[in-house]
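First residue of the sequence shown: 3, per this note's numbering; consecutive thereafter. Don't be surprised by glycine CBs; every beta carbon is placed ideally from N, CA and C. In this text, all values refer to a predicted model and were calculated from it rather than measured experimentally.
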Amino acid sequence: MAGLEEERLSIEEQQKQEQCGRGTSLTKQRSFDLEADGVTTYTDRHKKDWRTILKLAFQCIGVVYGDLGTSPLYVLPGIFPDGAENKEDVLAVLSLIIYSIIIISLIKYVFIVLSANDNGDGGTFALYTLICRHAKVSLIPTQQAEDKEVSTYKLDLPKHSTKMASALKTSLESSLIIKYSLLFTTMVGVSMVLGDGILTPCISVLSAVGGIKEAVPNLSEDVIMWISVVILILLFQVQRFGTHKVGYSFAPILVLWFAFIASIGLFNFIKHDPGVIKAVNPWHIVKYFQRKKKNAWISLGGVVLCLTGSEALFADLGHFHIHSIRLSSCALIVPSVLLAYMGQCSYLSKNTEDAANSFYKSIPKALYWPQFVLAVLASIIASQSLISASFSIIQQSVALGCFPRVKVVHTSSEHEGQVYVPEINTLLMLACVGVTLGFKNTLTIGNAYGIAVTFCFVITSSFLVLVMVMVWKTNIILIIIYVLTIGFIEMLFLSSTLYKFADGGYIPLLFAFIIVSIMFIWNYGYRKKYMYELKNKVPIETLTAIVSNERICRVEGLALFYTRLVHGISPTFTHYVSTVPALHEVLIFVSIKSLPVSKVPAEERFLFQRVKPGELIFRCIVRYGYKDQRMDHKTFQEMLADQLKAFIEEDNCEEDRQRELALVDNALEDGFVYLMGEGEVMAANGSSWVKKLVVNHLYNWLSRCVRQPDEVFLIPHKQLLKVGMTYDV
Numbered sequence: 003m004a005g006l007e008e009e010r011l012s013i014e015e016q017q018k019q020e021q022c023g024r025g026t027s028l029t030k031q032r033s034f035d036l037e038a039d040g041v042t043t044y045t046d047r048h049k050k051d052w053r054t055i056l057k058l059a060f061q062c063i064g065v066v067y068g069d070l071g072t073s074p075l076y077v078l079p080g081i082f083p084d085g086a087e088n089k090e091d092v093l094a095v096l097s098l099i100i101y102s103i104i105i106i107s108l109i110k111y112v113f114i115v116l117s118a119n120d121n122g123d124g125g126t127f128a129l130y131t132l133i134c135r136h137a138k139v140s141l142i143p144t145q146q147a148e149d150k151e152v153s154t155y156k157l158d159l160p161k162h163s164t165k166m167a168s169a170l171k172t173s174l175e176s177s178l179i180i181k182y183s184l185l186f187t188t189m190v191g192v193s194m195v196l197g198d199g200i201l202t203p204c205i206s207v208l209s210a211v212g213g214i215k216e217a218v219p220n221l222s223e224d225v226i227m228w229i230s231v232v233i234l235i236l237l238f239q240v241q242r243f244g245t246h247k248v249g250y251s252f253a254p255i256l257v258l259w260f261a262f263i264a265s266i267g268l269f270n271f272i273k274h275d276p277g278v279i280k281a282v283n284p285w286h287i288v289k290y291f292q293r294k295k296k297n298a299w300i301s302l303g304g305v306v307l308c309l310t311g312s313e314a315l316f317a318d319l320g321h322f323h324i325h326s327i328r329l330s331s332c333a334l335i336v337p338s339v340l341l342a343y344m345g346q347c348s349y350l351s352k353n354t355e356d357a358a359n360s361f362y363k364s365i366p367k368a369l370y371w372p373q374f375v376l377a378v379l380a381s382i383i384a385s386q387s388l389i390s391a392s393f394s395i396i397q398q399s400v401a402l403g404c405f406p407r408v409k410v411v412h413t414s415s416e417h418e419g420q421v422y423v424p425e426i427n428t429l430l431m432l433a434c435v436g437v438t439l440g441f442k443n444t445l446t447i448g449n450a451y452g453i454a455v456t457f458c459f460v461i462t463s464s465f466l467v468l469v470m471v472m473v474w475k476t477n478i479i480l481i482i483i484y485v486l487t488i489g490f491i492e493m494l495f496l497s498s499t500l501y502k503f504a505d506g507g508y509i510p511l512l513f514a515f516i517i518v519s520i521m522f523i524w525n526y527g528y529r530k531k532y533m534y535e536l537k538n539k540v541p542i543e544t545l546t547a548i549v550s551n552e553r554i555c556r557v558e559g560l561a562l563f564y565t566r567l568v569h570g571i572s573p574t575f576t577h578y579v580s581t582v583p584a585l586h587e588v589l590i591f592v593s594i595k596s597l598p599v600s601k602v603p604a605e606e607r608f609l610f611q612r613v614k615p616g617e618l619i620f621r622c623i624v625r626y627g628y629k630d631q632r633m634d635h636k637t638f639q640e641m642l643a644d645q646l647k648a649f650i651e652e653d654n655c656e657e658d659r660q661r662e663l664a665l666v667d668n669a670l671e672d673g674f675v676y677l678m679g680e681g682e683v684m685a686a687n688g689s690s691w692v693k694k695l696v697v698n699h700l701y702n703w704l705s706r707c708v709r710q711p712d713e714v715f716l717i718p719h720k721q722l723l724k725v726g727m728t729y730d731v
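Pasting the structure below:
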């Protein structure tokens with residue numbers, strides 16, 4: 003059907019060319035057909051200079067590294083809750099911490115994963131969209147049937163890596179099970195990042211505030227808990243000011259924090275036991291497992307806490323810049339944290355019984371109160387990294403139809419990736435308060451935290467391997483090395499954290515179940531709605547009959563009829579005409595489309611196609627990336643009018659061009675009218691009770707609770723006319 007329509011349009015174009023006596027440019031027509039791939043090579047036009055990178059490197063310290071930087075507060079107590087048995091155990095654990103940070107945080111995330119960004123944006127969805135652009139694995143068919151393969155694999159020389167990439171691509175595209183698995187895995191990854199966003203504030207603030215017991219031993223856990231709750235509530239209240247202001251406010255505090263923990267670590271290292279430098283020898287790890295066996299494996303659930311915040315390095319990338327994160331990581335963060343752990347372990351090697359409170363016990367008495375105040379402030383800031391990451395990843399999910407519509411506020415005019423999501427901020431705050439009140443101590447929360455962190459690691463690595471094969475075309479030997487080293491280490495960590503499932507480890511899995519359920523229900527209803535419109539789209543013959551019908555009144559002005567479809571005309575149009583038998587002089591069917599890219603250049607935003615020759619009826623696809631900010635209606639109208647005129651000038655012969663431009667100008671003077679179909683989805687007769695529950699009740703309930711499409715598209719209510727319709731899916 004699509005091929006016949008293309009053939010018919012081609013014949014009509016040839017006839018128009020013959021009538022006009024001149025060639026007509028088909029550039030816009032063909033670019034419309036290929037719009038799904040039209041911006042895959044877009045690169046950031048606002049290249050960062052070194053001054054900007056240095057500024058962002060300073061700013062990102064206050065947002066990205068708080069979690070990683072405050073992990074010394076609770077890692078060793080999590081590994082040795084009952085105290086360390088001997089110095090050899092301390093050396094082995096220090097060796098595990100050193101190599102975990104170097105291999106996972108530094109090598110994997112800072113130097114490998116950050117390179118897998120999507121035009122400067124990171125996170126689980128960035129990896130997913132990168133895969134979607136190189137293989138047709140999206141479950142919503144937004145590409146036209148005439149789309150051509152744009153994969154660069156076919157342009158490569160026939161070497162082994164290219165053949166492997168092509169084979170993997172074919173496997174992904176041909177299996178519906180794999181497509182669903184990729185989407186489900188992405189949703190799980192998103193839910194785990196949100197779980198981190200809930201657990202990070204809890205464990206960080208409780209750990210820091212709990213240090214006051216060194217000065218006030220009689221203080222009860224309930225008092226510490228309530229102090230933590232108040233701090234958490236205040237933290238979430240400042241999110242509305244945006245990452246830019248929060249980052250600048252927090253960065254000086256964290257710089258001071260890293261300076262303190264590094265200095266105290268160096269002091270303890272020199273004072274207590276410089277011999278812990280032997281931990282750089284990984285043989286201590288081997289001997290530890292030989293000696294402790296199962297207990298060594300169980301202790302990995304505590305070791306993994308030293309890596310908390312590593313995923314935030316990638317998820318928060320859209321707020322900053324890859325070079326700024328690499329610079330600050332190598333110059334300040336990793337050296338400071340390693341010194342802090344070495345100092346604690348030096349102290350522990352002489353005071354093994356103090357492991358449960360090793361951070362505060364190892365602080366020199368004169369520096370206790372300054373360090374305590376800094377610890378509380380740093381723990382508050384630590385929460386910022388995952389909160390910011392949660393906002394970023396929700397924005398991506400909403401744009402790609404995988405999360406209910408929520409309000410996304412862009413908080414910086416300089417950096418487009420810095421966003422704030424009020425609804426998510428409120429939900430995270432309530433969840434944090436609930437977890438803190440429910441568990442009261444860091445040990446149980448740490449068990450939960452470990453599972454959330456390691457799940458994120460494994461999912462990111464799984465997607466990264468796909469990127470290595472399909473996008474980077476990495477040598478198979480290097481991929482195998484990655485899987486057998488980093489992949490094996492992460493699976494070992496995951497198995498250890500799952501061992502503590504009953505001791506609080508179920509919390510992130512419970513969060514994941516709730517969040518994935520919401521995402522799946524929304525995406526399922528969204529896809530069913532789109533497929534119904536696609537199946538019941540208005541044929542060109544029906545449109546011709548409607549336009550030619552003398553009973554249909556033509557009125558002055560320009561109407562924008564909003565539709566999800568990029569393949570044709572929505573069935574709600576015929577319902578509208580039967581209800582309101584009138585058509586505007588200029589009618590444009592507008593499809594707002596989110597592409598699997600982070601940003602779409604403004605000059606490539608609008609794509610037009612004439613629906614019926616001789617009539618001022620057009621289709622227009624307005625393309626956004628998942629990081630793009632929606633235009634206000636005035637800017638939107640101006641850009642659409644300019645692009646429409648440009649299309650008419652290129653699409654028409656001289657006589658028709660002048661006449662149509664004059665008609666468009668007259669229509670613009672009369673103003674815009676917005677038409678929007680409001681379809682309610684209902685499960686068709688004979689559907690299973692599960693489908694009826696999901697579609698009729700859960701999806702429709704979510705649709706009523708969240709922002710409506712006219713709010714998302716910033717449509718002025720005074721110019722809006724809605725048409726209701728029921729879809730039997």
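Measuring straight from C-alpha to C-alpha, what distance separates residue i and residue j?
i           : j           : result
residue 239 : residue 519 : 28 angstroms
residue 314 : residue 391 : 6 angstroms
residue 133 : residue 627 : 15 angstroms
residue 366 : residue 266 : 8 angstroms
residue 433 : residue 382 : 16 angstroms
residue 60  : residue 327 : 9 angstroms
residue 80  : residue 566 : 51 angstroms
residue 335 : residue 87  : 30 angstroms
residue 148 : residue 590 : With a pLDDT of only 29 at residue 148, under the threshold of 50, the placement of this residue in the model should not be trusted; the figure read from the coordinates follows. In a straight line, the C-alpha of residue 148 is about 22 angstroms away from that of residue 590.
residue 493 : residue 690 : 38 angstroms
residue 53  : residue 593 : 40 angstroms
residue 341 : residue 288 : 23 angstroms
residue 544 : residue 458 : 50 angstroms
residue 694 : residue 685 : 5 angstroms
residue 344 : residue 226 : 28 angstroms
residue 18  : residue 117 : Annotation note: pLDDT 44 at residue 18 (below 50); position unreliable, coordinate value reported separately. Going by the C-alpha atoms only, they are around 49 angstroms apart.
residue 703 : residue 724 : 19 angstroms
How should residue i be labelled, buried or exposed, when 16 other C-beta atoms within 10 angstroms of its C-beta is the threshold for buried?
i           : result
residue 449 : buried
residue 487 : exposed
residue 728 : exposed
residue 673 : exposed
residue 182 : exposed
residue 421 : buried
residue 188 : buried
residue 599 : buried
residue 527 : buried
residue 716 : exposed
residue 621 : buried
Using the three-state DSSP reduction, which class does residue i fall into: helix, strand or coil?
i           : result
residue 619 : strand
residue 561 : strand
residue 476 : coil
residue 41  : The pLDDT assigned to residue 41 is 32, lower than 50, so where the model puts this residue is not dependable, and the model offers no usable value.
residue 404 : coil
residue 82  : coil
residue 465 : helix
residue 141 : coil
residue 680 : strand
residue 365 : coil
residue 628 : coil
residue 607 : coil
residue 571 : strand
Assuming residue i and residue j make a contact with CB atoms under 8 angstroms, what is their CB distance in whole Å?
i           : j           : result
residue 395 : residue 125 : 5 angstroms
What first and last residue would you give for the beta strand (DSSP E) that runs through residue i?
i           : result
residue 641 : Premise fails: residue 641 lies in the alpha helix (DSSP H), 635-653, not in any beta strand (DSSP E).
residue 729 : 722-730
residue 661 : Counting along the chain, residue 661 falls outside any beta strand (DSSP E), though it belongs to the alpha helix (DSSP H) covering 656-672.
Let me check you understand the geometry: is the CB of residue i closer than 8 angstroms to at least one non-hydrogen atom of the ligand ZN?
i           : result
residue 508 : Among the components of this structure there are no ligands whatsoever, and the ligand ZN is therefore not found.
Between which two residues does the alpha helix (DSSP H) containing residue i stretch?
i           : result
residue 595 : First-last for residue 595: 584-596, but that is the beta strand (DSSP E), not the alpha helix (DSSP H).
residue 61  : 52-63
residue 124 : Residue 124 -> no alpha helix (DSSP H), and no H or E assigned at all.
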